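The structure appears right after this line, and notes come after that.
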Amino acid sequence: MLFISCSDSRVMPAQLTDAGPGQLFELRTAGAIVPPYPAGNACGVSATIEFALTQLGIRHVVVCGHSHCGAVAGLLADGTGAGPALARWLRQQHLTGVRDARGDHTLREAVEDHITNQLATLDSHPRVRELGGELTVEGWYYEVHTGAVTRFDPAARAFRPL
312 MLFISCSDSR VMPAQLTDAG PGQLFELRTA GAIVPPYPAG NACGVSATIE
362 FALTQLGIRH VVVCGHSHCG AVAGLLADGT GAGPALARWL RQQHLTGVRD
412 ARGDHTLREA VEDHITNQLA TLDSHPRVRE LGGELTVEGW YYEVHTGAVT
462 RFDPAARAFR PL
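Count along the sequence shown from 1, add 311, and you get the number used in my numbering.
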């Protein structure tokens, strides 16, 4: 499994999936951001995704966001207060309608929205499109204080308990 998650140390992919050594290929970025495929340009995230799918033969990808995510809070604040590199990283992303950062409930909605955006951006990667139905792609939301995990259900357009 390719597990794309936030760099936040509270997110522990092996613990979330009960995976042993060698069962996960982890890709961690601030905010679990999957940038659009950069045709003609180098990108470590894109190279890692391509390596996992092509060289390792992985056919299951999880994009996992989490509660109290500072990167998504930064997206809601339009990157204000971030250094220049982080601000550029955050500006790549777009939240579709959740712009009110008051309270955890709204931040949760923003994180869930962010996860579904990353799933859509992941589809811009040629190898992901090539694999089509051979590839299982899931979006997860992890609640850091309770350990609860929900999974995005595309048919219902909602997150359901895993």
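A virtual CB, placed ideally from N, CA and C, is assigned to each residue, including glycine. Being a predicted model, the structure only gives us computed values, none of them experimental.
Drop a sphere of 10 angstroms on the beta-carbon of residue i, count the other beta-carbons inside from all chains shown, and report buried for 16 or more, exposed for fewer.
i: Q429; result: buried
i: R419; result: buried
i: H456; result: exposed
i: D411; result: Low per-residue confidence applies at D411: pLDDT is 48, beneath 50, and the placement is therefore not dependable, though the value from the model is reported in the following sentence. When all chains shown are included, D411 counts as exposed.
i: D319; result: buried
i: L433; result: buried
i: G443; result: exposed
i: G458; result: exposed
Could you please give me the residues that DSSP links to residue i through a beta bridge?
i: L418; result: Per DSSP, none; premise fails for L418.
i: D434; result: Answer by DSSP bridge pairing: none, since D434 is not bridged.
i: V356; result: DSSP, once it has assigned bridges, lists no residue as partnering V356.
i: P332; result: Looking at the DSSP assignment, P332 forms no beta bridge with any residue, so it has no partner.
i: T447; result: H371
i: F463; result: F470
Between the options, which has its C-alpha nearest residue i's C-alpha?
i: P324; options: E423, C354, I344 and H377; result: H377
i: T447; options: R462, A467 and H379; result: R462
i: A384; options: A466, R471, V422 and F470; result: V422
i: Q436; options: E449, T359 and G450; result: Contrary to the premise, residue 436 reads as His rather than Gln in this sequence. With distances taken between Cα atoms, H436 lies closest to T359.
Anyone know if the C-beta pair for residue i and residue j falls short of 8 Å?
i: Q453; j: V322; result: Looking at the sequence shown, residue 453 is not Gln but Tyr. In contact: Y453 and V322 (Cβ atoms closer than 8 Å).
i: A343; j: C375; result: yes
i: L313; j: L338; result: yes
* To do: Kindly confirm or deny that the segment 341 to 354 and the segment 362 to 372 touch, where touching means at least three C-beta pairs closer than 8 Å.
  => Too few Cβ pairs lie closer than 8 Å, so no.
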